[in-house]
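Q: This structure is in structure tokens; I'll ask about it shortly.
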Amino acid sequence: MSVWEGTLTFCFEVLTDVAFLPPLMIMHRYRRHFELYIGVFQLTTGFLYNFCNALNMSVFLTELQWHALNNILTTTYFLLLLIHLQANSNPTVDIVLRYIAFTAVWIAQIKDEYWNPYYTALVVFAFCMMPVCKFCGAMRLPPYDSEKLLKGLVAGIASAICFCVGLDDQVDPFRLFHGLSQALVGSALYFLWQLVPLHEEEKKSDDPIDPRLVREALVVPGMGARAMSGQDLPLCTSHLARLEYY
1 MSVWEGTLTF CFEVLTDVAF LPPLMIMHRY RRHFELYIGV FQLTTGFLYN FCNALNMSVF
61 LTELQWHALN NILTTTYFLL LLIHLQANSN PTVDIVLRYI AFTAVWIAQI KDEYWNPYYT
121 ALVVFAFCMM PVCKFCGAMR LPPYDSEKLL KGLVAGIASA ICFCVGLDDQ VDPFRLFHGL
181 SQALVGSALY FLWQLVPLHE EEKKSDDPID PRLVREALVV PGMGARAMSG QDLPLCTSHL
241 ARLEYY
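Residue numbers for the sequence shown, in my numbering: 1 to 246.
Here is the structure:
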């Protein structure tokens, strides 16, 4: 492979990883810490795998080892998206499902020796059925943004087509379609992570709530402590909800 051909392969295969940054920015914005951790780890392993593949070298681990790690994290990242699409009102349910997803994918990948799809496919199928069963059982439509859903599906289908074309090295010697599939997956994730409305915290500061100020707010002169009203709840519960959720 000439220097020019190697440069093209590097650009198409490695530099297109930046398409995964916008979805991670959404995770950071809404403080989805576990998803952010998995997403950053997935991006890092994917970059190192593509880097080793493009330059035919090893960086601490071999190309296949980085690829195996990336398979675990990519599958987990997809399952985290499926959990998000369930739009669960109870954050504890999401917390438990996240840990189950990561653990199940890890064990299934080991059982599949990282390259066979059988047990991993069963795990993915089970999580795919969760949002379907939830909304069909409740006889209601999911609270999705229809415009973002359409954009995400179009980008996802296009990425799948490019990925299949890129599997043939004779058709895609410079990994152009591989890079396009990565860019389109990043675009699909950007839209799909916004299907369920996310809300930023009402209190932006990370400073802890001063208990003394809360007690003073609950005391009415001459009447003692009063019950909290709806206006009092956001200040105190926004941080409590964040602590419980993450």
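We put the beta carbon where it would ideally sit given N, CA and C, even for glycine.
Which one or two residues does DSSP pair with V59 in a beta bridge?
A: L61, per the DSSP bridge assignment.
Q: Are the Cβ atoms of A188 and S159 separated by less than 8 Å?
A: The answer is yes: Cβ separation under 8 Å.
Q: Would you identify the three-state DSSP class for M130, choosing helix, strand or coil?
A: In the structure shown, M130 sits in a helix (DSSP, three-state: H, G or I).
Q: For F41, name the three-state secondary structure that DSSP assigns.
A: F41: helix per DSSP, three-state reduction.
Q: How close, in whole Å, do the beta carbons of V105 and I157 come, if the pair is a contact with beta carbons under 8 Å?
A: The pair is not a contact, with the Cβ atoms about 24 Å apart (cut-off 8 Å).
Q: Take F177 and list the residues in its own chain whose beta-carbon comes closer than 7 Å to its own, dropping the five residues that flank it on each side.
A: So the qualifying residues of the chain are C162, V165 and G166.
Q: Short of 6 Å in beta carbon distance, which residues of its chain neighbour K111, apart from the five on each side in sequence? Order them along the chain.
A: Excluding residues within five positions, the ones whose Cβ falls inside 6 Å are Y119.
Q: Counting Cβ pairs, one atom from each stretch, are 3 or more of them under 8 Å apart for the region 36-48 and the region 60-80?
A: Touching, per the Cβ criterion.
Q: Quick one: using the 10 Å Cβ neighbour count with 16 as the cut-off for buried, is C133 buried or exposed?
A: The residue is exposed, with fewer than 16 neighbouring Cβ atoms inside 10 Å.
Q: Using C-beta distances below 6 Å, list every residue in its chain close to F10, excluding the 5 sequence neighbours before and after it, in chain order.
A: Correct list, in chain order: A54.
Q: Helix, strand or coil, according to DSSP, for Y49 in the structure here?
A: Y49 falls in the helix class under three-state DSSP.
Q: Within a Cβ cutoff of 6 Å, which residues of the same chain sit near A126, ignoring the five residues on either side of it in sequence?
A: Cβ neighbours of A126 beyond the five flanking positions: none.
Q: Which residues in the same chain as L85 place their Cβ atom closer than 8 Å to its Cβ, once the five residues preceding and following it in sequence are excluded?
A: Excluding residues within five positions, the ones whose Cβ falls inside 8 Å are P131, P142, Y144, L192, L195 and V196.
Q: Compare the beta carbon distance of P22 and G39 with 8 Å and say whether it is the shorter of the two.
A: No, Cβ-Cβ distance for P22 and G39 is not below 8 Å.
Q: For L97 and I83, which I take to be in contact (beta-carbon distance under 8 Å), what is that distance rounded to the nearest angstrom?
A: About 5 Å separates the two Cβ atoms, so the contact holds.
Q: Grouping DSSP H, G and I as helix and E and B as strand, with all else coil, what is L167?
A: L167: coil per DSSP, three-state reduction.
Q: Leaving out the 5 sequence neighbours to the left and right, which residues in its chain are closer than 7 Å to Y114 when beta-carbon positions are compared?
A: So the qualifying residues of the chain are A68 and N71.
Q: Going straight from the alpha carbon of S181 to that of A101, what length do you get?
A: Near 24 Å, if we compare the C-alpha coordinates of A101 and S181.
Q: Between N50, Y99 and E63, which has its C-alpha nearest A12's C-alpha?
A: Before going on, a small fix: residue 12 reads as Phe here, not Ala. Closest option to F12, Cα to Cα, is N50.
Q: In whole angstroms, give me the CA-to-CA distance for L81 and F60.
A: Going from the Cα of L81 to the Cα of F60 covers about 30 Å.
Q: Thinking just about the alpha-carbon of each residue, which of A138, Q65, L79 and Y190 is nearest to the one in K151?
A: Per the Cα distances, Y190.
Q: Starting from W106, follow the alpha helix (DSSP H) in both directions and report where the run begins and ends.
A: Here the alpha helix (DSSP H) through W106 covers P91 to K111.
Q: Between L186 and F135, what straight-line distance do the alpha-carbon atoms span, to the nearest angstrom?
A: According to the sequence provided, residue 186 is Gly. The question's Leu does not apply to it. G186 and F135: Cα-Cα distance of roughly 26 Å.
Q: Are the beta-carbon atoms of E63 and C52 separated by less than 8 Å?
A: Taking 8 Å as the Cβ cut-off, E63 and C52 qualify as a contacting pair.
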